[in-house]
Each structure stands twice: as structure tokens, then as C-alpha cells.
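Residue numbers (my numbering): 1458 to 1676.
By construction, the Cβ of each residue, glycine as well, lies at the ideal position given by its N, Cα and C atoms.
Report on one structure; see the data block that follows.
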């Protein structure tokens, strides 16, 4: 690759990182327009890396590319949030109940490992770790669903859950709220380990619906 092409790629990565961070911490608010010209001036680059970064963010579900209107940050109404989280509570509550009946020792050990890793990472309450926590949180919830041994449940869940929304939720928690999320995880692991389907389902539903309440109340 010629040096000019490498410079464009490097600039696109930098612009992507800055825009993504700005969207997740609400510097660029939900529903706001993202003008290529304005962003290029703001970030000190040409429009080409901005355009590439916006395409990548669109593929991740953080940005909408609208014909003849440019780009805007994806927005979620209160009704959207209620729908998604209540569907998650139903699906993942059922998945947790099944997991309590079907997960083997190795799967439970892996779930415990993820939960412990999240607890350690969240102990200082640093915002800089929130993206990594969101990734681990997705892994934790998916591990429960995989442990349910229900392919159709996994497929239904994949159509509902949006990872970018998950990342934004993780960034909305206060340190105290974040620690409570970790307590929920440990309780859920314990319920699954004991094979208590009702307890596991109850913990999972409460865990997800409490996240909805935090979002709707604005943290």
C-alpha cells in the first residue's frame, strides 16, 4: 500500500474511534445529524476518512445512513426501550430457567469465570473499562442462552438484542448501580449452579428490567 493510502486508513481508524466514543458517551446525542463537512473540520481531516468511519458505524448499528440526508446517530424512544428490554426479560428469563436444568459443570465454571472477571474489572468504577465490561456482559448473557441448549431461543434473541444499545446501557450506570449488576450476575450463577430454574428465571428478569428502569429514569 502506498503511503497516501495508509494515511487515509489510519485517519479513518482515528475518526472511527473518536466518533464511536462520542456516540456512546452522548457527546453526539441520539438522533443528531452527523455532517461530513462539520466532522471533518472538527476532527482535522478530509471527508474521506469521515465517510469510511460513518459506514463502519452504520454497520455496527450506531449510525443511520439516510438517502439524500446524510448520517445521524441512531435514536431509541422510550417505547423502543420498553419493547426491547421486556422482550429480553421474557427470552432470557426462559433461557436462564432452561440453563439451570441443562448447563454442565464446565459451562457453569465458564459463567463463573466471566462474572468474576467483570466484578474485578468494575471494582474501580472507571468509565474507561465500560466498553470491555459491555463485551463481557454480552458474553455472559450469551453463555446463559447457549447453556439453555435451545437453538430457536438463540435465534429469537439475536433478532432482539442490539450490541450498541448494550454498550450505551453499560455506560449509563453509576458506580453503585454497576456493582449491583455484578451482584445479580453472581446470584444468577449460583441459581444455575444449584439447578433452581425458578430462581434463575426470576433473577434474570429482575436484572434486565432494572436496567430498563435505570435507562428510563436517565441513570
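Can you give me the start and stop residues for the beta strand (DSSP E) that residue i sits inside?
i	result
residue 1527	1527 to 1530
For residue i and residue j, I'd like the C-alpha separation in whole angstroms.
i	j	result
residue 1663	residue 1669	10 Å
residue 1654	residue 1673	29 Å
residue 1500	residue 1646	44 Å
residue 1608	residue 1536	28 Å
residue 1629	residue 1471	24 Å
residue 1626	residue 1483	11 Å
residue 1597	residue 1568	6 Å
residue 1613	residue 1552	11 Å
residue 1562	residue 1638	24 Å
residue 1651	residue 1564	13 Å
residue 1485	residue 1522	15 Å
residue 1489	residue 1527	11 Å
residue 1615	residue 1473	25 Å
residue 1554	residue 1602	10 Å
residue 1505	residue 1498	12 Å
residue 1671	residue 1635	11 Å
residue 1656	residue 1648	6 Å
residue 1610	residue 1502	45 Å
residue 1548	residue 1559	16 Å
residue 1546	residue 1540	10 Å
residue 1494	residue 1534	28 Å
residue 1605	residue 1599	10 Å
First and last residue of the alpha helix (DSSP H) that includes residue i?
i	result
residue 1507	1504 to 1516
residue 1521	No alpha helix (DSSP H) contains residue 1521, which is instead part of the beta strand (DSSP E) from 1520 to 1523.
residue 1559	1535 to 1559
residue 1579	1562 to 1579
residue 1494	1493 to 1500
Who are the near neighbours of residue i in its chain, counting only those whose CB is closer than 6 Å to its CB and skipping five residues on each side?
i	result
residue 1496	1507
residue 1509	1469
In the structure shown, what three-state DSSP assignment does residue i receive?
i	result
residue 1468	helix
Near residue i, what residues of its chain come up, given a Cβ to Cβ distance below 8 Å and the 5 sequence neighbours on each side ignored?
i	result
residue 1550	1658, 1659, 1661, 1662, 1665
residue 1544	1617
residue 1475	1500
Whose C-beta lies closer than 7 Å to the C-beta of residue i among residues of the same chain, with five residues either side of it excluded?
i	result
residue 1481	1624, 1625, 1628
residue 1590	1575, 1578, 1579, 1627
residue 1492	1527
residue 1417	Since the first and last residues shown for the chain are 1458 and 1676, residue 1417 lies out of range.
residue 1538	1669, 1672, 1673
residue 1642	1572, 1575, 1597
residue 1644	1660
residue 1479	1485
residue 1587	1627, 1628
residue 1542	1665, 1666, 1668, 1669
Closer than 7 Å: is that where the CB of residue i sits relative to any heavy atom of the ligand SAH?
i	result
residue 1674	Inclusion of the ligand SAH in the displayed structure is not the case, the ligand content being empty and no account of it being possible.
message = Could you tell me which whole alpha helix (DSSP H) segments of length 4 or greater appear in the segment 1583 to 1611?
response = 1587 to 1604
task = Could you pull out every unbroken alpha helix (DSSP H) segment of at least 4 residues lying fully inside the segment 1630 to 1666, listed in chain order?
result = 1632 to 1650
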